[in-house]
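Using the working numbering, you'd call the opening residue of the sequence shown number 46 and step up by one each time. We treat Cβ as the ideally placed atom computed from N, Cα and C, and that holds for glycine. This one's a predicted model, so the numbers in the text were calculated from it and none came from an experiment. The structure appears right after this line, and notes come after that.
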Amino acid sequence: MSRSLSLGYSPCPNDTFIFYALVHGRVSLPGIAVEERLEDVETLNQLARAGLLHLTKISYHALGHLREGYALLRAGGALGRGCGPLVVARSALDMGHLQGKTIAIPGRLTTANLLLQLHGSGYDNLVIMPFDRIMAAVAEGRVDAGVIIHESRFTYADHGLTAIEDLGAWWERETGLPIPLGGILARRDLGSDLIRQVDSSVRRSLEYAYAHPQEPRDYIRRHAQELADKVIDSHIGLYVNDFSLDLGKEGEEAVRELLSRAEHRGLIPPCSLPLFA
């Protein structure tokens, strides 16, 4: 008799590309049936805080609040260079001018918000909304600026917006490390043996997608916000990389540095448990 595990991830092309083979039976996880749940990143963050998902994509900001109940996987995440959140506005501004101004963010527990808070102080007049509505809110003047993520990075200029800060580039200048955006978590109560099996299956799911890049295309397009193949390919190319196969030493260092800085600023609680199962 198989056991069912819930797996939450976003509808963005990088996640649907990575998890296609796992949720469509192209990669086996013996004795386990994986049930997908596609939600925006902040909804996933909140579901994980309630412990409602066995496995989930998560913002690294949210991980800082979830380490007691969840362990990090080494495969499936989003880290890299040149792929961080952008702060956009209707015209060129200095970041200092945004202190006290309304800033749209894609969720309080997103890494995008954590990077904004680590960048400086005074960014506390926040308006939380789904990531795909932020550009319109900025363009229509309902907020002064917005922090955009995912495929919005490729299309903000089409909305007449200007990028005033690349938070990923700022992080890279500050630390010399890749930017940790999102990782995959497993509930600690699954046990270390099963968590390691899941980790291996996620890695093999991505390897399958690399080997059969056209097979997941319909699944990806069905869920993507931007349907143009060029945008989808750019998105996957930017957010899926060697760190998605395995964090490696550099990726792990980047995650630990982000959490350490957040702890130092009092933005996340301390935790003595190991990061991995």
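Shown here for D189: same chain residues with a beta carbon closer than 6 Å to its own, the five before and five after excluded, namely K146 and T147 in chain order. Under the DSSP assignment, S289 falls outside any beta strand (DSSP E), being part of the alpha helix (DSSP H) whose first and last residues are D287 to L290.
Distance from I179 to G191 at the Cβ level is roughly 4 Å; contact confirmed, criterion being Cβ atoms closer than 8 Å. For P315, same chain residues with a beta-carbon under 8 Å away, outside a window of 5 residues either side, are E308 in chain order. Cβ-Cβ distances below 8 Å link A184 to R135, H204, G205 and L206 in the same chain, with the five nearest sequence neighbours on each side left out; the list follows chain order. If you draw a straight line from the Cα of G122 to the Cα of E297, it comes to about 11 Å. It is roughly 14 Å from the alpha-carbon of G70 to the alpha-carbon of F62. DSSP, reduced to helix, strand and coil, places E81 within a strand of the structure shown. Look at the stretch 56 to 107 and you find these whole runs of beta strand (DSSP E), each 3 residues long or longer: 77 to 83 and 100 to 104. In terms of CA proximity to H142, G165 leads the group L159, D234, C57 and G165. The Cβ atoms of S51 and L83 lie no closer than 8 Å to each other.
DSSP, read as helix, strand or coil, puts G152 in coil.
Bridge partners of F321 according to DSSP: L117. Fewer than three Cβ pairs drawn from the stretch 85 to 101 and the stretch 260 to 272 lie within less than 8 Å of each other, which leaves the two stretches out of contact. In this structure, the CA atom of I277 is about 15 Å from the CA atom of Y201. From the listed residues P223, S47, G53 and C57, the smallest Cα separation to S197 is found for C57.
When rounded, the separation of the alpha-carbon atoms in D238 and L303 is 27 Å.
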